[in-house]
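With this note's numbering applied, the sequence shown covers 161 to 553. Cβ coordinates follow ideal geometry from the N, Cα and C atoms, glycine included. Note that this is a predicted model, so its numbers are computed, not measured. Comments concern the structure below.
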Amino acid sequence: KQNNKERIVIIIGGNHHNTLGVIRGLGRKGVRSHVIVTSGGEGSFVLKSKYIEKGYSVKGSQAAIVLLLERYMDAAQKPILIACHDVISSVIDLNLERLRKNFVVPGCAEQGRITYLMNKKVMGEEAKKYGLAIPKTYILKSGSEDVESVTYPCITKPVESMAGSKSEIHICKKPEQLSSFLAKEPDKEYVVQQFVEKEFEFQLIGCSIAGGKDIVIPGYTEILRQPKTTNTGFLHYQALNSSFDKTIDATRNFIRGIGYSGLFSVEFLRDKQGVDYFMEMNFRNDGNTISVTNAGVTLPYIWYLSCIGEDYRQEIKPVHDEYVMPEFTELALLQKCEITIAQWWRDMRKATCYMDYADDDPAPTDGWKRYNHLKWRVLAKHIVKRLIGRNEK
Numbered sequence: 161k162q163n164n165k166e167r168i169v170i171i172i173g174g175n176h177h178n179t180l181g182v183i184r185g186l187g188r189k190g191v192r193s194h195v196i197v198t199s200g201g202e203g204s205f206v207l208k209s210k211y212i213e214k215g216y217s218v219k220g221s222q223a224a225i226v227l228l229l230e231r232y233m234d235a236a237q238k239p240i241l242i243a244c245h246d247v248i249s250s251v252i253d254l255n256l257e258r259l260r261k262n263f264v265v266p267g268c269a270e271q272g273r274i275t276y277l278m279n280k281k282v283m284g285e286e287a288k289k290y291g292l293a294i295p296k297t298y299i300l301k302s303g304s305e306d307v308e309s310v311t312y313p314c315i316t317k318p319v320e321s322m323a324g325s326k327s328e329i330h331i332c333k334k335p336e337q338l339s340s341f342l343a344k345e346p347d348k349e350y351v352v353q354q355f356v357e358k359e360f361e362f363q364l365i366g367c368s369i370a371g372g373k374d375i376v377i378p379g380y381t382e383i384l385r386q387p388k389t390t391n392t393g394f395l396h397y398q399a400l401n402s403s404f405d406k407t408i409d410a411t412r413n414f415i416r417g418i419g420y421s422g423l424f425s426v427e428f429l430r431d432k433q434g435v436d437y438f439m440e441m442n443f444r445n446d447g448n449t450i451s452v453t454n455a456g457v458t459l460p461y462i463w464y465l466s467c468i469g470e471d472y473r474q475e476i477k478p479v480h481d482e483y484v485m486p487e488f489t490e491l492a493l494l495q496k497c498e499i500t501i502a503q504w505w506r507d508m509r510k511a512t513c514y515m516d517y518a519d520d521d522p523a524p525t526d527g528w529k530r531y532n533h534l535k536w537r538v539l540a541k542h543i544v545k546r547l548i549g550r551n552e553k
């Protein structure tokens with residue numbers, strides 16, 4: 161039997177809580193990772209984690225592949241790769257043939273398949289095949305006559321997840337508004353979807369093993385409050401109930417149908433009639449996975465155990481509720497007056513875990529001077545000014 165104590169886990173991601181969450185989840189299970197950070201430079205706060213065996217900082221995802229091929233080709237056993245953002249998932253996928261000879265790689269069996277599926281039009285069509293509901297969807301660009309046939313209100317999105325930005329997401333209530341938006345980038349195509357009046361937004365975060373032969377989805381996140389500038393908001397993680405059964409079955413069929421292996425998340429909107437609309441799938445670890453870890457199930461560790469042939473089923477347990485706070489995003493919202501002090505204080509007290517800070521691993525946030533000193537000083541000044549203003553009224 162292989163000596164799995166020698167097995168290396170390599171986490172590749174940005175200078176971001178997504179990467180940090182995987183490091184901590186594995187570290188708490190006794191697995192110290194090798195980490196390649198593709199942004200943040202030598203001052204990366206992620207690389208300060210006590211759970212890292214070796215850490216590297218490179219410029220971009222292509223450089224991460226070069227580092228893998230230079231330093232890990234002669235490992236005694238194939239290192240296990242974990243991707244923490246869309247670009248590295250695509251780059252790994254596009255280098256699948258040469259990587260899988262020497263690494264355990266997440267993704268599909270065919271090189272380029274993940275990158276192809278990241279196109280929102282393709283992804284939506286595939287999801288629909290397996291019974292997932294999707295909003296009415298169009299691919300349009302400037303000058304298209306189809307703006308008249310679109311169901312309004314609608315929302316615009318980038319066609320490619322990797323290359324898109326929040327500035328490309330825009331709600332249009334009538335054809336004139338859509339035409340005006342499309343005219344800003346005359347040669348660029350956009351996904352235009354029926355705007356769903358949501359009851360709430362949720363994610364299914366999980367791990368797919370052996371191309372979907374086993375799919376672990378312990379619970380779901382409900383986004384309680386989401387900022388305009390990011391998809392990371394204050395959220396509630398909780399156990400599934402029977403209202404999710406149909407969506408869970410269709411999601412499993414979708415993942416099994418495309419043959420995906422690895423960590424993932426799938427995003428949905430539930431409308432006021434109880435219909436769950438598929439938004440997109442992320443073929444990587446999700447930034448909110450720390451909520452699953454803190455709720456009692458460590459998905460990155462399940463992936464690790466499955467890769468080394470150990471029993472991972474013992475790690476699948478009932479989850480408990482967690483309220484997760486992206487604390488530094490919240491400070492920025494408070495500073496910009498996008499939330500009130502009362503709301504911030506109420507939610508901070510309700511939170512049971514945070515995206516960046518952890519009691520057992522304080523060095524990343526303690527050493528991040530930009531937040532540890534400047535942000536808190538600005539916050540204190542901001543609170544005082546607002547309290548003075550309130551008293552003067």
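{"Asked": "Would you mind listing the beta strand (DSSP E) stretches within the region 467 to 498 that are 3+ residues and don't spill past its ends, in chain order?", "Found": "482 to 485"}
{"Asked": "Taking 8 Å as the threshold (C-beta atoms), are residue 311 and residue 296 in contact?", "Found": "yes"}
{"Asked": "Which residues does DSSP pair with residue 387 in a beta bridge?", "Found": "Paired residue(s): none; residue 387 is not in a bridge."}
{"Asked": "Quick one: using the 10 Å Cβ neighbour count with 16 as the cut-off for buried, is residue 331 buried or exposed?", "Found": "exposed"}
{"Asked": "If you count every other CB in all the chains shown that lies within 10 Å of the CB of residue 309, and 16 or more means buried, which is it?", "Found": "exposed"}
{"Asked": "Going by the DSSP bridge assignment, what does residue 379 pair with across the sheet?", "Found": "399"}
{"Asked": "Within a Cβ cutoff of 6 Å, which residues of the same chain sit near residue 328, ignoring the five residues on either side of it in sequence?", "Found": "318"}
{"Asked": "Return yes when at least one heavy atom of the ligand FMN lies under 7 Å from the C-beta of residue 380, else no.", "Found": "Inclusion of the ligand FMN in the displayed structure is not the case, the ligand content being empty and no account of it being possible."}
{"Asked": "For residue 516, count the other beta carbons within 10 Å of its own beta carbon; 16 or more makes it buried, fewer makes it exposed. Which is it?", "Found": "buried"}
{"Asked": "DSSP three-state call for residue 350: helix, strand or coil?", "Found": "strand"}
{"Asked": "State the CB to CB distance for the pair residue 377 and residue 364, rounded to an integer number of angstroms; the pair is presumed to be in contact (CB under 8 Å).", "Found": "5 Å"}
{"Asked": "Whole angstroms are fine: how far does the CA of residue 411 sit from the CA of residue 249?", "Found": "20 Å"}
{"Asked": "Give me the Cβ distance between residue 147 and residue 369, rounded to the nearest whole Å; I'm assuming they're in contact under 8 Å.", "Found": "Residue 147 lies beyond the range of the chain shown here (161 to 553); nothing can be said about it."}
{"Asked": "With H, G and I counted as helix, E and B as strand and the rest as coil, what does DSSP make of residue 283?", "Found": "helix"}
{"Asked": "Is residue 170 buried or exposed, if buried means 16 or more other CB atoms sit within 10 Å of its CB?", "Found": "buried"}
{"Asked": "Could you give the C-beta distance for residue 366 and residue 416, rounded to a whole number, given that I count them as a contact under 8 Å?", "Found": "12 Å between Cβ atoms; not a contact."}
{"Asked": "Determine the contact status of residue 489 and residue 392, defining contact as a CB-CB distance below 8 Å.", "Found": "yes"}
{"Asked": "I'd like the span of the alpha helix (DSSP H) that includes residue 338, first residue to last.", "Found": "335 to 342"}
{"Asked": "Please check the pair residue 450 and residue 181, which I expect to be a contact at CB under 8 Å, by giving their CB distance rounded to whole angstroms.", "Found": "4 Å"}
{"Asked": "Helix, strand or coil for residue 414 per DSSP?", "Found": "helix"}
{"Asked": "Considering residue 255, what are the terminal residues of the beta strand (DSSP E) in which it resides?", "Found": "No beta strand (DSSP E) contains residue 255, which DSSP labels as neither H nor E."}
{"Asked": "Give me the Cα-Cα distance between residue 495 and residue 239, rounded to the nearest whole angstrom.", "Found": "43 Å"}
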